[in-house]
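Note sheet for the following structure.
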């Protein structure tokens, strides 16, 4: 074992990789700027004729929501703090400083960078929310009285042990949960996920029954066809469960390997701390290594929770198959 332990550069690189400040600041550049909110709410709307004709004219062109966010991000006078969401994820137990000085060393960003990052987060968040909704959690576990009380107070009531969105991010960044929470709070979730309203689908009521116009109606399927379709669906369900179980086993193996690597880093860091203890002039380096050790321990706990979730999922798939 290397007694020197991980270097200070490794610790800084690890913290930068886990860095939450950069993304949280970008989210606040959206929600704390009225111009950004307005531009973002129209970001996927079709251009009208005047906007199409004047795309290259700054006076008539539509304001780019991505550019507004980028300009606000690069503004040294914009120094917000994040909102504490202790029930959302442990990363947000306390408010975080999102000042310009925290991100200036990474350089300015442009509209393309903002667009690419939001697109990446939107894709990951769509998967997380789909799995969360399919689990029956969220508002699905609220009683009618709780929903009514939340509507009157203007807040979403707690759903207790049945609402833990942190269980669904797996190895992804908790900033996805923060984006989810903030976009709902500022009524931007529909725009973020590019959800098209049913009211504008094909310009008609999607639930209306279309007139057959005198044409012959489709013949109802026979019982034999229905049974064959049911057998096919059951076979597909079994195959899907087997596929999920195989993936779960593979993912568990990957998480265990990552946990072993993290444990080795923890041991190396502890050895380094022991060597630095009581050494004169090494106080700053000792503090950095101690902070790095806390980060590694938190990371190991996160991986353990992910592994436990995989095991519960595997048991559920096996019982369903039986």
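Residue numbers (our numbering): 5 to 326. Just so you know, even glycine gets a beta-carbon here, dropped at the ideal spot from N, CA and C.
My output table needs one value for residue i: the three-state DSSP class, helix, strand or coil.
i: residue 235; result: helix
i: residue 85; result: strand
i: residue 72; result: helix
Could you say which of the options lies nearest to residue i if we only look at CA atoms?
i: residue 133; options: 107, 169, 31, 122; result: 169
i: residue 253; options: 49, 94, 62, 315; result: 315
i: residue 292; options: 273, 301, 32, 256; result: 273
i: residue 67; options: 80, 42, 241, 88; result: 42
i: residue 119; options: 111, 72, 56, 97; result: 72
i: residue 302; options: 278, 175, 237; result: 175
i: residue 103; options: 84, 135, 278; result: 84
i: residue 124; options: 177, 94, 251; result: 177
i: residue 297; options: 80, 268, 87, 90; result: 268
Please return the same chain residues whose Cβ sits closer than 8 Å to the Cβ of residue i, not counting the five positions on each side in sequence.
i: residue 309; result: 171
i: residue 311; result: 256, 259, 260, 263
Need the endpoints of the alpha helix (DSSP H) that residue i sits in, please.
i: residue 29; result: 25-35
i: residue 134; result: 115-138
i: residue 195; result: 193-196
i: residue 41; result: 38-45
Among residues of its own chain, excluding the 5 on either side of residue i, which ones have a beta-carbon nearer than 6 Å to its beta-carbon?
i: residue 27; result: 179
Suppose you measure from the CA of residue i to the CA of residue j; what does that come to, to the nearest Å?
i: residue 137; j: residue 129; result: 12 Å
i: residue 283; j: residue 33; result: 44 Å
i: residue 114; j: residue 30; result: 11 Å
i: residue 231; j: residue 257; result: 39 Å
i: residue 277; j: residue 307; result: 24 Å
i: residue 24; j: residue 56; result: 38 Å
i: residue 266; j: residue 75; result: 38 Å
i: residue 62; j: residue 110; result: 29 Å
i: residue 81; j: residue 101; result: 14 Å
i: residue 78; j: residue 40; result: 14 Å
i: residue 300; j: residue 270; result: 6 Å
Leaving aside the five residues before and after residue i along the sequence, list all residues of the same chain whose C-beta is less than 7 Å from its C-beta, in chain order.
i: residue 173; result: 132, 180, 181
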